[in-house]
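**Student:** Following this message is one structure expressed as structure tokens.
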Amino acid sequence: MDEVLPEWSSALASDALDELGARGRVLDAGLRPLVQGTVLAGPVLTVRVETTETVADPDDPYRGEIRAVGALRPGHVPLYVAPGDNRAALWGELFSHAALAMGAAGAIVDGCVRDTRQVRALGFPVFARGTSPLDTLARASVCEVGGLVHVGDVEVTSGDFVVADDDGVVVIPAGLLPEVRAVVEARRRDEAGARADLGAGRTLAAVWQTWGAL
2 MDEVLPEWSS ALASDALDEL GARGRVLDAG LRPLVQGTVL AGPVLTVRVE
52 TTETVADPDD PYRGEIRAVG ALRPGHVPLY VAPGDNRAAL WGELFSHAAL
102 AMGAAGAIVD GCVRDTRQVR ALGFPVFARG TSPLDTLARA SVCEVGGLVH
152 VGDVEVTSGD FVVADDDGVV VIPAGLLPEV RAVVEARRRD EAGARADLGA
202 GRTLAAVWQT WGAL
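The following block contains the structure:
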């Protein structure tokens, strides 16, 4: 978790991936934070969801959902991915309480969430595509935890790192993290120099020539 620093931004992460030739790692712009100003970073735990109209085990109807939350470890960011036709809420207040107690950094839901007022009050970082009051019972169920998922055209596996903020959500392949970190830190230094020069009255063109940062 400490490989990705809180002061990183999605823009810096995206620029670093571009520089390394790993383009196309930004998730769909429809994923938005429940609270503006939220910054979230950490290793992903993927959770794949399928739509259903039945309950596989009436005596244990939320087995998959409980298993997914139970697999979280400190620093994890669960990434829930559901088919586009799903309208049930995949995350809510009690999941947030459980995840927070387990040390999770936040959650990203490529789908709907609910209990948004309570989740905001709790302060647990959540990004989602939308909201819905619908329960998952006989509508959606967790079918895989920790596997390969696709969010739009972006392939994500557990252990990849995510950086999310108001600008968007960026997924860093786990194997590229050390290289991305080095590029991000260099860019942060350049941007600090550019910021100082602009504040001192230098032109944008001169700052670009000196720092190569815009």
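Numbering follows our numbering, with no gaps: position 125 of the sequence shown is 126. Where is the CB? At the ideal position from N, CA and C, for every residue including glycine.
#1: From the DSSP output, in three-state form, read off Pro-179 for me.
#2: Looking only at its own chain, which residues have a Cβ that is under 7 Å from the Cβ of Leu-215, when we skip the five neighbours before and after it?
#3: To the nearest whole angstrom, what separates the beta carbons of Val-40 and Asp-166, a pair I think is in contact under 8 Å?
#4: Compare the Cα-Cα distances from Ala-99 to each of Glu-156, His-77 and Arg-49 and report the closest residue.
#5: Just to confirm the assignment, what range does the alpha helix (DSSP H) spanning Ala-23 have?
#6: Sorted by chain position, which residues of the same chain lie with C-beta nearer than 6 Å to Gly-93's C-beta, five sequence neighbours on each side aside?
#7: State yes or no: is the C-beta of Gly-147 within less than 8 Å of the C-beta of Thr-47?
#8: Within the region 47-86, note down every full beta strand (DSSP E) run reaching 3 residues or more, in order along the chain.
#9: Could you tell me the alpha carbon to alpha carbon distance between Met-2 and Pro-75, rounded to whole angstroms?
**Tutor:** On the basis of the data shown:
#1: Within the sequence shown, numbered from 1, the residue matching residue 179 stands at position 178. The answer is helix: DSSP assigns Pro-179 an H, G or I state.
#2: As a working mapping, residue 215 is identified with position 214 in the sequence shown. Here the set comprises Trp-209.
#3: Stepping through the sequence shown from its first residue, residue 40 is reached at position 39. Stepping through the sequence shown from its first residue, residue 166 is reached at position 165. Contact holds; Cβ gap of about 5 Å.
#4: In the sequence shown, the residue the question calls residue 99 occupies position 98. When each option's Cα is compared against that of Ala-99, the closest is His-77.
#5: Here residue 23 refers to the residue found at position 22 of the sequence shown. Per DSSP, Ala-23 is not a residue of any alpha helix (DSSP H), being assigned neither H nor E.
#6: Sequence index remark: in the sequence shown, residue 93 carries index 92 (1-based). Closer than 6 Å at the Cβ level, and outside the excluded window around Gly-93, lie Arg-115 and Asp-116.
#7: Here the question's residue 147 lines up with position 146 in the sequence shown. Here the question's residue 47 lines up with position 46 in the sequence shown. For Gly-147 and Thr-47, yes; Cβs fall inside 8 Å.
#8: 78-82
#9: Working through the sequence shown from its first residue, we reach residue 2 at position 1. Working through the sequence shown from its first residue, we reach residue 75 at position 74. Any reading at Met-2 is ruled out, since the residue's pLDDT is 43, under 50, leaving its predicted position unreliable.
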